[in-house]
Structures are given as structure tokens and as C-alpha cells.
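Letter by letter, the sequence shown follows residues 2 to 203 of the working numbering.
First up is the structure itself, then whatever we jot down about it.
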Amino acid sequence: MKLFSVDGPVYRFFSRLWDVIVLNILWVVFSLPVVTMGAATLAVYTVTLKMVDETEGYVARQFLKGFKANLKQGIPLGLMALFCAYVVYLDSELFRVTEGILFLSFGILAAALFGAAFLYAFPLSARYENTLMGNLKNSLRITTRYLPRSLFLAAVLAVEVLFFQFNSTTLFFGILIGPVCLMYTVSGVAMSLFREIEKDNA
């Protein structure tokens, strides 16, 4: 039956699922020193952006190649992302303790600004040659220029995170494929926007 053949949807689904699992394991292992989390994330994006076009080849080999190529920019980008996440977390803890409206306002503003700056920063860094600040600025511009689609992407990511935390079963899948699943989702939207921008610039 074609349904279960090598070219069938069932085989393609499980093949893609296996690729995601492999990528997730590699991301976790290469992120363990924490300082290399940004480089590992960029390595995943080098693969998931190609997965969107179905041109990824061997995912483990592509990941290792991407990790080595993105160490220089990935480390500072990852540390900046972790620092910004910690700022938002610290502000939320201060609001929880003090219930001050100032902390709430700052937290919402910081989360929106950091989210816009980092939403496309990693796929931009994985796809294009640019400076660290250049990619952050471009991510902010793309987010604001394509605000409806960016908000839709943020909503989808939020639903995925909530789904993975729904119960112990979904939490298991969240551990198994969660991070790469989120990056794959971002890659799908990012590639469509990148193609539009490249077409407009051409």
C-alpha cells in the first residue's frame, strides 16, 4: 500500500519525527555547558530551516557542521537571550513579592521588546551573514513589519508550550521533542517571511 511505502505519509511522518528526536538529543547534549546553548540553538536552526524546504540531508552531520560554524556568534547570542530571560523572570518575582504596578509594567514591556528582538534572531543568524546586533535589529524590524504573523507565531508557540505541560504524557513528549519542535515551528514562519523579504529586495 502506498500509505505505508517509503514515499507514503506514514513513513515520512516517522522519518521526520526521528529527525526531530535526534536533533533534540543533540541540542540537549551540546547545551549542557549552558554557555554553548546559543551555538547549539543556531545549529538546530541551520537544520530546521532546511527541513522546511526538505533539503536537510543527514541531520546529525548538518547539526555538527552548524555547531562548529556558529560557535563564535552563537555563544554571545545565547548568553544575551539567557540574560534577557532572567531579567523578565527576576521582574516577575519582584512583582509577585511586592505586587507593584511598576514591576508589572516593566515586565510586560521588557518581555515584548526581548521577544520581538529574539523571535527571528536565531534563524536570521543561521541563514545570513551579519553582526550580532544587526541580526537583533533585523529581527525587531521583521517582527514589527509582519506583526500579525509574528503574533500568530507567538500564539502557536504558547499553545505548544502549554500542550507539552498538559499532563505527564505530553510532558514526556515535551522533553523528547519540545525544544526542536518549537524551533521547527519558528523556522516554518521565518522561511516564508525571509522569502518575501528576499523577493522584495530583489
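In this text, a Cβ means the ideal position worked out from N, Cα and C, and glycines have one as well.
Predicted, not measured: the structure shown is a model, and the values here were computed from it.
Which of helix, strand or coil DSSP assigns to residue i
{"i": "TYR129", "result": "coil"}
{"i": "GLY101", "result": "coil"}
{"i": "ASP20", "result": "helix"}
{"i": "GLU197", "result": "helix"}
{"i": "THR144", "result": "helix"}
{"i": "ASP54", "result": "coil"}
{"i": "ASN168", "result": "coil"}
Span of the alpha helix (DSSP H) around residue i
{"i": "GLN63", "result": "60-70"}
{"i": "PHE165", "result": "148-165"}
{"i": "LEU120", "result": "Here LEU120 belongs to no alpha helix (DSSP H), and DSSP marks it neither H nor E."}
{"i": "VAL36", "result": "Per DSSP, VAL36 belongs to no alpha helix (DSSP H) and is neither H nor E."}
Buried versus exposed, by CB contacts within 10 Å (16 or more), residue i
{"i": "ASP54", "result": "exposed"}
{"i": "ALA86", "result": "exposed"}
{"i": "ASP201", "result": "exposed"}
{"i": "GLU57", "result": "buried"}
{"i": "SER16", "result": "exposed"}
{"i": "VAL162", "result": "exposed"}
{"i": "PRO77", "result": "exposed"}
Inter-residue Cα distance where the pair is residue i and residue j
{"i": "GLY179", "j": "SER169", "result": "14 Å"}
{"i": "ALA117", "j": "PHE123", "result": "12 Å"}
{"i": "TRP19", "j": "GLY79", "result": "26 Å"}
{"i": "GLN63", "j": "VAL48", "result": "6 Å"}
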